[in-house]
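*Asks:*
In the numbering used here, the protein residues as written are 1308 to 1658.
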């Protein structure tokens, strides 16, 4: 019972509840069925699952793709808040830290929306209030007049110094990509610090954070290759994983795809990742490569959570699998809306 004392009934109860919730997620065969459904049929199907209350509540205000989008976002935020209420003690501490990634996503979404003069209603539809910034706090940000006022309203948040430093450049260039990358680097640095501050179970939390950083960095390298970027990319990579940023920079300099994959495999010790890299060798579509790497991350999380059965890992496994369930349903709805055939849509699903 690694990661928690054998007498901690609260931990055992919470982790068991999370495994039950995980078992209720939509199975692979249902996704395969939805590939052959129309958007109205997918909406009806979703309305018969755990998303029923959101579909029913929002059905009088939204329809079609908008109904699906908003219902999924509301459900995800509500579920994450329920998990925070469920988990005790140190599990709550690590879970709350991990969920702060949604603050970054939401703030960047609000900033982009303000710069593009989007209506407050349109911005609100795509937010997921699952982090520290709740629905009320996000409504206040949406009501601000400009990106600068949005940033000013966030003084006191962990990420404010990065936001203050990087926002002028984002507004000058019209791109938030560098700002977003710097915010996520700060986020992962904080997670690593949280894991190392001496709280029970921090060593297990750190193992997973390093796995996530590794997968994210490898995905970034493939994205950079797809964009034919081979120069110094160190500022685009996240420190703290099992690869140093300098090692990743050397890999990024390899122009031949086979040489790049062979060099990456020499650095990797994880068998599932080695197998995935070999599978990727023949792929050209970036989304297929990213999905293959995400599957490795989720599969490795499952393995780790079985080894540390009553730790933060079963919580993180559920949070991630729930996130990808929502991403899958969103991809299906958007794909059907734009008329993508089922066989192409399947390549975007993490199953």
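Here a beta-carbon is modelled for each residue, glycine too, at the ideal position from N, C-alpha and C.
1. Threshold first: 4 residues or longer. Then list the alpha helix (DSSP H) segments lying entirely within the stretch 1551-1611, N to C.
2. Residues in its own chain within less than 6 Å of residue 1429 by CB, not counting five upstream and five downstream?
3. DSSP on residue 1380, reduced to helix/strand/coil?
4. Round the Cβ separation of residue 1338 and residue 1656 to the nearest angstrom and send it over; I've been treating them as touching at under 8 Å.
5. What's the C-alpha gap between residue 1623 and residue 1512?
6. Are at least three pairs of beta-carbons, each pair with one atom in the stretch 1460-1467 and one in the stretch 1403-1416, less than 8 Å apart?
7. Assess, as a yes-or-no matter, whether the stretch 1340-1360 is touched by the stretch 1373-1385 under the definition of 3 or more beta carbon pairs within less than 8 Å.
8. For residue 1640, does the three-state DSSP call read helix, strand or coil?
9. Specify the secondary structure class of residue 1429 as computed by DSSP and reduced to three states.
10. Which residue wins for smallest C-alpha separation from residue 1575, given the options 1530, 1524 and 1316?
11. Run the CB neighbour count on residue 1454, radius 10 Å, all protein chains shown included, and call it buried at 16 or more, exposed below.
12. Are the stretch 1532-1542 and the stretch 1495-1508 in contact at 8 Å, needing three or more beta carbon pairs?
13. In three-state terms, what does DSSP make of residue 1468?
14. In terms of alpha-carbon separation, which member of 1362, 1368 and 1618 lies closest to residue 1382?
15. Nearest to residue 1515 by CA position, among 1607, 1395 and 1367, is which residue?
16. Residue 1338 lies in the alpha helix (DSSP H); which residues open and close that run?
17. Looking at the unbroken alpha helix (DSSP H) that takes in residue 1407, where does it start and where does it end?
*Replies:* So, from the data block:
1. DSSP runs (the alpha helix (DSSP H)) wholly in the stretch 1551-1611: 1552-1559, 1564-1574 and 1578-1587.
2. For the purposes of this step, residue 1429 is identified with residue 122 of the chain shown, where counting begins at 1. For residue 1429, where only same-chain residues beyond five positions count, there are no Cβ hits under 6 Å.
3. Against the chain shown, residue 1380 aligns to sequence position 73. Three-state result, residue 1380: helix.
4. Here residue 1338 corresponds to residue number 31 of the chain shown, with the count starting at 1. Here residue 1656 corresponds to residue number 349 of the chain shown, with the count starting at 1. Yes, they are in contact, since the Cβ atoms of residue 1338 and residue 1656 sit about 6 Å apart, within 8 Å.
5. For this step, residue 1623 is matched to residue 316 along the chain shown. For this step, residue 1512 is matched to residue 205 along the chain shown. Straight across, the Cα-Cα distance linking residue 1623 with residue 1512 is about 9 Å.
6. Because the criterion of three Cβ pairs below 8 Å is met, the stretch 1460-1467 and the stretch 1403-1416 touch.
7. The stretch 1373-1385, when compared against the stretch 1340-1360, does touch it at the 8 Å Cβ threshold.
8. Residue numbering aside, residue 1640 sits at position 333 when the chain shown is read from its first letter. Three-state DSSP puts residue 1640 in a helix.
9. The sequence position of residue 1429 within the chain shown is 122, counting from 1. Here DSSP, grouped into helix, strand and coil, assigns residue 1429 to helix.
10. Within the chain shown, residue 1575 is the residue found at index 268, counting from 1. Of 1530, 1524 and 1316, the residue nearest in Cα terms is 1524.
11. Your numbering for residue 1454 matches position 147 in the chain shown. Buried, by the Cβ-count rule.
12. With a cut-off of 8 Å, the stretch 1495-1508 and the stretch 1532-1542 do not count as touching, because too few Cβ pairs lie within range.
13. Counted from its first residue, the chain shown places residue 1468 at position 161. The three-state secondary structure of residue 1468, taken from DSSP, is helix.
14. By one-based count along the chain shown, residue 1382 stands at place 75. Among 1362, 1368 and 1618, the Cα nearest to that of residue 1382 belongs to 1362.
15. Numbered from 1 along the chain shown, position 208 holds the residue referred to as residue 1515. When only C-alpha atoms are compared, the closest one is 1607.
16. What you label residue 1338 is simply residue 31 of the chain shown in a count that begins at 1. In the DSSP assignment, residue 1338 falls within the alpha helix (DSSP H) that extends over 1335-1341.
17. Taking the first residue of the chain shown as 1, we reach residue 1407 at position 100. That residue, residue 1407, is in no alpha helix (DSSP H); it is neither H nor E in DSSP.
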